[in-house]
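Inspection log for the structure reproduced underneath, given as structure tokens.
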Amino acid sequence: MSGVGDGRQYIAFRLGREEYAFEISTIREIFPIQDVTKVHRSPSYIEGVMNLRGRLVTVVDLRKRFKLEAREPDENSRIIVVEATDAPVGFLVDEVTEVANFADESVEAVPAYVADSIESEYVSGIAKLGERLITVIDPLKVLELSADEAEEAGGKSNGDDSGGR
Amino acid sequence: MADVDLAKYTKLFVAEAREYLRALNDAMVGLEADPSDMAKVDEMFRACHTMKGMAGMMGLEPFAETAHALEDLLNAIRRGEAEPTGKVAEAIFAGLDALEGMMDSVSQSGEVKEAKGVIDGLRDAASARRGRGGRGSRKKAAPKGDGAPKAKRGKPPAKPKVVVLKVRLARRCAFPAARAIVILKELARVANVRGSNPSEEEIDQEHAFEELEITLEPEKGFDETVPRIASMLDVDEVRVGREGDDSSKFETVDAPGRLKDKPVDTPTTQTVRVGMDKLDELLDDVSELVIARSRLIERTASQDDRELGEISAHINKLTSEIQSKVLGIRMIPLETVMGRFPRMVRDIARNQGKQVELVVDGGSIELDRTVIDLISDPIMHILRNCVDHGIETESERRRTGKRARGLIRIVASKQQDHVLIEISDDGAGIDYEAIKAKAVASGLTTRDEADSALARDLLQLLFRPGFSTRDEVSKLSGRGVGLDVVKRNVEDLGGSVMVSSSEGAGTTFSLWLPFTLAIIEAMLVSIADQVYAVAMGTISESHRFERSDVKLIRDREVVQLRGEVLPVIRMRRFFDIQEDEGSGAINALIVQSRERRAALAVDDLMGHQQIVVKSLDRRLRRTKGISGGTILGSGRIALILDVDSILER
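Chains G and U, in that order, give the protein sequences.
For this note's numbering, add 6 to where a residue sits in the first sequence, where the first one is 1.
Going by this note's numbering, the residue at position 345 of the second sequence is 328; the numbering climbs one at a time, nothing skipped.
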């Protein structure tokens, strides 16, 4: 899977039973789960803030962001830090499974049934690896869309994001 | 010319051009008010000329051409062929705006677009009095001047006069290489440059040099150009002599109109231009140092080691010094933002056919760079409001016996740990009746409540989002486009805004701002196993109340402290956390934000210390109750409670 070929490198990770991947160039580093300070009254998909070498970095709970069932982090949980346009942002995921090289032709456009289940704007493609289907996500797009909703939720208590788009 | 990669100088160019443009705008506003002030014309001419040279070197032709057209127009003014008022003044302002726009696009994309209309406007203004025929009499500065080809071909090659120019750059010159190339380009227009030491290639590789020596054959225009070079920014001295002459025979060239204020840079203090990012990094490191110091002192206190104690005390002292020096370096005077205001006020007033004078006082007060950057917009907003709605039309002012020209004052002053910026106009003041009507109409209050409300409370309504943006209120009361935004921005900085007004006599906005955001004294408290910090500036005292001290007034919890009734705000409840029943006693901080006071109930008080304020990213910046965070000695994060927004509910 990690063989060198024509293609790009991805970090694959798990949320529940679903597999996802970020392209590796967007990723800054990966941390085991560590102290995340809760920020009350923030948008619900934000887990809190963590100390990244003296900087306060926002951690997004990707499960909540994708409206999957909530779950307590465990020893397999990881925080994937992505360099967003304004600041680094962490994504909390259940488990990082592998670093993989997907040949460009194995990454296909988003089929309609996926476009229905999660907002298709995030999804840059579906990678087929034998039996496995891995959804390739653009983390910056996730943040862009989240920022809009955060703005709308701003001021309201608990900023419950009702996904009003 | 060799193909020199100048992209790396873009930052320098933008930074300098920005300074020149600010000075130009300022001077032009002054010149328009007093058209006879020829010193201002000279000053502007020099600034345009230098910018032209810099832009030419960077290959930014449209910028250079516009600067050149401005220069021509200024020259016409100097010769008395044009008056710096009316249409001519407009053309100059338009030219400056065009340059500003180009500079912005340079800093974003490195490219500029032509500003054809603006240049034509400038040329028309310059030639208006001379008639159309005079137009374009000074040709665009092409790299090959008129004289150059003639001299090369026309004269016999024998015995050309060869001159050597020795140019010494100021030691504080930030980019000697960039400067040297400007000079070489400038000379290439008026002379046949045979060579230089260091050579252009060496300059580009940033070889260190003390003096630039240029060997050349002068052509037409050379004699006028040399003094101009001598008066360029960062040029210390220019000497001229013949090839082969001893250095002592060289003559120093006079630098006419050299900026008089330059000698203020006394030779003992040299300045270095440092990027803001570097200062930010330095501050981050110092912040870490401050945190480490707390740990060291804590640790030392528990050890019985006299020598360790001494070392720790020394490090403590040094850290404090470094901290205050680094914070000092970040301080810049208010006038760096205020510089834009006279021009802006003039433009808005003119648009509305009003006459407004802006007086600024206290511009030398220094604030942290971050604060300065963030208050510029709120102040601009308020000024716009003052001109738009505060100051009456000329005829209205005459009718009420006021001076035709309206007055806006910005006064900055130091107040203990804050800076107070007051912006006042002598306009009509705020129409309370209109506010009442609006408040009643939008269901905020009843008519009776509105009629009995204090003026102060009515004014607070202006800062409510959406309250004042409706057209009818703007028309009636003459106030308030987006004052909620002003309030928000200022509060983001940890400051506050107030407004006061008296009918017929004008309105005053007061902005209270912190000098610096970086390091504050704070009380640490715990709420549901998390540590939070509260700025000492907002705390008046701490107090422990028994459960029986808590009374209910109209269903709200209150306590009494020396006769004062204070509302209780339970932070657990504020954050939607399960209430901790325990002993029932309440640890409270008595906090205040402007005129509001309350008792904040927290789980525990943990003592106070200096903390380094770090901002949250924009996803969390609007979170109620939290204004930022800090990192404790243990590496854990403590969020900073935003007392203003907690008391607001």
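Note that CB positions come from ideal geometry on N, CA and C, so glycine has one too.
As the structure is a prediction and not an experimental result, all values here were calculated from the model.
(request) Would you check if the distance between the CB atom of Leu622 of chain U and the CB atom of Tyr515 of chain U is smaller than 7 Å? (result) Locating residue 622 of chain U in the second sequence gives position 639, where the first residue counts as 1. Locating residue 515 of chain U in the second sequence gives position 532, where the first residue counts as 1. A contact, by the Cβ cut-off of 7 Å.
(message) Considering just the uninterrupted stretch of the alpha helix (DSSP H) at Tyr415 of chain U, what are its terminal residues?
(response) If you number the second sequence from 1, residue 415 of chain U lands on position 432. It spans 415 to 424 - the alpha helix (DSSP H) in which Tyr415 of chain U sits, taken as one unbroken run.
(request) Check whether the Cβ of Arg580 of chain U lies closer than 7 Å to any Cβ atom in chain G. (result) Residue 580 of chain U sits at position 597 when you count from the first residue of the second sequence. Cβ-Cβ to chain G under 7 Å: no for Arg580 of chain U.
(request) Report the neighbours of Lys597 of chain U on chain G: residues whose CB is nearer than 9 Å to its CB, in chain order. (result) Counting from one through the second sequence, the residue named residue 597 of chain U turns up at place 614. Gly60, Arg61, Leu62, listed in chain order.
(message) Taking its Cβ as the centre, do 16 or more other Cβ atoms sit within 10 Å of Val146 of chain U, making it buried, or is it exposed?
(response) Taking the first residue of the second sequence as 1, we reach residue 146 of chain U at position 163. Buried: at least 16 other Cβ atoms inside 10 Å.
(message) So Gly389 of chain U and Thr490 of chain U are supposed to be a Cβ contact under 8 Å. How far apart are they, rounded?
(response) In the second sequence, residue 389 of chain U corresponds to position 406, counting from 1. In the second sequence, residue 490 of chain U corresponds to position 507, counting from 1. Separation of the CB atoms of Gly389 of chain U and Thr490 of chain U is rounded to 12 Å, and the pair is thereby denied contact status at 8 Å.
(request) Please confirm whether Leu466 of chain U and Phe446 of chain U have their CB atoms less than 7 Å apart. (result) The count along the second sequence starts at 1 and reaches residue 466 of chain U at position 483. The count along the second sequence starts at 1 and reaches residue 446 of chain U at position 463. In this structure, Phe446 of chain U lies closer than 7 Å to Leu466 of chain U by Cβ.
(request) Mark Thr383 of chain U as exposed unless 16 or more other C-beta atoms lie within 10 angstroms of its C-beta, in which case mark it buried. (result) Translated into the one-based positions of the second sequence, residue 383 of chain U becomes position 400. Its Cβ having fewer than 16 others within 10 Å, Thr383 of chain U is exposed.
(request) Kindly indicate the opening and closing residues of the alpha helix (DSSP H) around Gln561 of chain U. (result) On the second sequence, residue 561 of chain U is found 578 positions in, with the first residue counted as 1. First-last for Gln561 of chain U: undefined, no H or E at that position.
(request) Count the CB pairs spanning the region 36 to 44 of chain G and the region 561 to 581 of chain U that are closer than 8 Å, and state whether there are at least three. (result) no
(request) Name, going along the chain, the residues of the region 32 to 56 of chain G whose beta-carbon falls closer than 8 Å to a beta-carbon of chain U. (result) Asp41, Thr43, Lys44, Val45, His46, Arg47, Ser48, Pro49, Ile52, Val55, Met56
(request) Determine the burial state of Met259 of chain U: buried for a count of at least 16 other Cβ atoms within 10 Å of its Cβ, exposed for fewer. (result) Taking the second sequence and counting its residues from 1, the one referred to as residue 259 of chain U is at position 276. Classification of Met259 of chain U: exposed, given that the 10 Å Cβ count is below 16.
(request) With DSSP collapsed to three states, give me the class of Ile17 of chain G. (result) Mapped onto the first sequence, residue 17 of chain G falls at position 11. It is a strand residue.
(request) Quick one: list the residues of chain U neighbouring Ala93 of chain G, beta-carbon separation under 7 Å, in chain order. (result) For the purposes of this step, residue 93 of chain G is taken as residue 87 along the first sequence, with counting starting at 1. Residues of chain U passing the Cβ test: Asp600.
(request) Report buried or exposed for Met37 of chain U, applying the criterion of at least 16 other Cβ atoms within 10 angstroms of its Cβ. (result) The residue given as residue 37 of chain U occupies position 54 in the second sequence. Buried: at least 16 other Cβ atoms inside 10 Å.
(request) Between the Cα of Ala325 of chain U and those of U:Glu(-1), U:Ala(-2), U:Arg5, U:Thr(-7), spot the shortest distance and give me the residue it belongs to. (result) As a first step, residue 325 of chain U is located in the second sequence; it is residue number 342 there, counting from the start. Per the sequence shown, residue 325 of chain U should be read as Pro rather than Ala. Nearest option by C-alpha distance: U:Arg5.
(request) Can you tell me which of the three DSSP states Ser597 of chain U falls into? (result) Position 614 of the second sequence, counted from the first residue, corresponds to residue 597 of chain U. The sequence shown places Lys at residue 597 of chain U, not Ser. Three-state result, Lys597 of chain U: strand.
(request) Could you check if Ile620 of chain U is buried or exposed, using at least 16 other CB atoms within 10 Å of its CB as the buried criterion? (result) Here the question's residue 620 of chain U lines up with position 637 in the second sequence. So Ile620 of chain U ends up on the buried side.
(request) Could you tell me the distance, in whole angstroms, from the CA atom of Ser460 of chain U to the CA atom of Glu547 of chain U? (result) Here residue 460 of chain U is taken as the residue at index 477 of the second sequence, counted from 1. Here residue 547 of chain U is taken as the residue at index 564 of the second sequence, counted from 1. Interpretation of Ser460 of chain U is limited by its pLDDT of 36, a score under 50 that renders its predicted location unreliable; no figure is taken from the coordinates.
(request) Could you name the residues of the same chain whose beta carbon sits closer than 7 Å to that of Glu83 of chain U, not counting the 5 residues immediately before and after it, in chain order? (result) In the second sequence, residue 83 of chain U corresponds to position 100, counting from 1. Correct list, in chain order: Leu4.
(request) Starting from the Cα of Val585 of chain U, find the closest Cα among U:Ile594, U:Gln561, U:Gln592, U:Ser598 and give me that residue. (result) For this step, residue 585 of chain U is matched to residue 602 along the second sequence. Closest by alpha carbon: U:Gln561.
(message) Quick check: is the beta carbon of Ile552 of chain U nearer than 7 Å to any beta carbon in chain G?
(response) As a working mapping, residue 552 of chain U is identified with position 569 in the second sequence. Chain G contact via Cβ: absent.
(request) Please report how far the alpha carbon of Ile319 of chain U lies from the alpha carbon of Gly346 of chain U, in whole angstroms. (result) Here residue 319 of chain U is taken as the residue at index 336 of the second sequence, counted from 1. Here residue 346 of chain U is taken as the residue at index 363 of the second sequence, counted from 1. It should be pointed out that residue 319 of chain U corresponds to Thr in this sequence rather than to Ile. Each residue's Cα considered, the two are about 8 Å apart.
(request) For Gly136 of chain G, count neighbouring C-beta atoms within 10 Å of its own C-beta (all shown protein chains included) and say buried if the count is 16 or more, exposed if not. (result) For this step, residue 136 of chain G is matched to residue 130 along the first sequence. So Gly136 of chain G ends up on the exposed side.
(request) Look at the alpha carbon of Phe97 of chain G and the alpha carbon of Lys397 of chain U, and state the distance between them as a whole number of angstroms. (result) Along the first sequence, read from residue 1 onward, the residue named residue 97 of chain G stands at position 91. Along the second sequence, read from residue 1 onward, the residue named residue 397 of chain U stands at position 414. Distance between the alpha carbons of Phe97 of chain G and Lys397 of chain U is about 44 Å.
(message) Just to confirm before moving on: does the CB-CB distance between Phe46 of chain U and Met85 of chain U stay below 7 Å?
(response) Walking along the second sequence from the start, residue 46 of chain U turns up at place 63. Walking along the second sequence from the start, residue 85 of chain U turns up at place 102. Yes, these two residues count as a Cβ contact at 7 Å.
(request) Could you please give me the residues that DSSP links to Glu35 of chain G through a beta bridge? (result) The residue you call residue 35 of chain G lines up with position 29 of the first sequence. Paired residues: G:Val87.
(request) Would you tell me roughly how many angstroms separate the C-alpha atoms of Ile355 of chain U and Phe558 of chain U, rounded to the nearest one? (result) As a first step, residue 355 of chain U is located in the second sequence; it is residue number 372 there, counting from the start. As a first step, residue 558 of chain U is located in the second sequence; it is residue number 575 there, counting from the start. Cα to Cα, the separation comes out at about 32 Å.
(request) Find out if the Cβ-Cβ distance for the pair Ala332 of chain U, Val370 of chain U is shorter than 7 Å. (result) Mapped onto the second sequence, residue 332 of chain U falls at position 349. Mapped onto the second sequence, residue 370 of chain U falls at position 387. Yes, Cβ-Cβ distance for Ala332 of chain U and Val370 of chain U is below 7 Å.
(request) Please confirm whether Ile164 of chain U and Met314 of chain U have their CB atoms less than 7 Å apart. (result) Looking up residue 164 of chain U in the second sequence gives position 181. Looking up residue 314 of chain U in the second sequence gives position 331. Cβ atoms of Ile164 of chain U and Met314 of chain U: not closer than 7 Å.
(request) Step through the CB atoms of chain G and report whether any lies within less than 7 Å of the CB of Ile614 of chain U. (result) Residue mapping note: residue 614 of chain U aligns to position 631 of the second sequence, counting from 1. Yes, because at least one Cβ of chain G sits closer than 7 Å to the Cβ of Ile614 of chain U.
(message) Could you check whether Val218 of chain U and Val639 of chain U sit closer than 7 Å to each other, using their CB atoms as the reference points?
(response) Any answer about residue 639 of chain U is impossible in this case: the structure gives chain U only from -16 up to 632.
(message) Going by the DSSP bridge assignment, what does Asn57 of chain G pair with across the sheet?
(response) Here the question's residue 57 of chain G lines up with position 51 in the first sequence. The partner list for Asn57 of chain G (beta bridge, DSSP) reads G:Leu62.
(request) Go ahead and label Asn57 of chain G buried or exposed: buried means 16 or more other beta carbons lie within 10 angstroms of its beta carbon, across all protein chains shown. (result) For the purposes of this step, residue 57 of chain G is identified with residue 51 of the first sequence, where counting begins at 1. Classification of Asn57 of chain G: buried, given that the 10 Å Cβ count is 16 or more.
(message) Taking CB distances under 7 Å as the criterion, tell me whether Gly618 of chain U reaches chain G.
(response) Residue numbering aside, residue 618 of chain U sits at position 635 when the second sequence is read from its first letter. Under the Cβ criterion of 7 Å, Gly618 of chain U is counted among the residues facing chain G.
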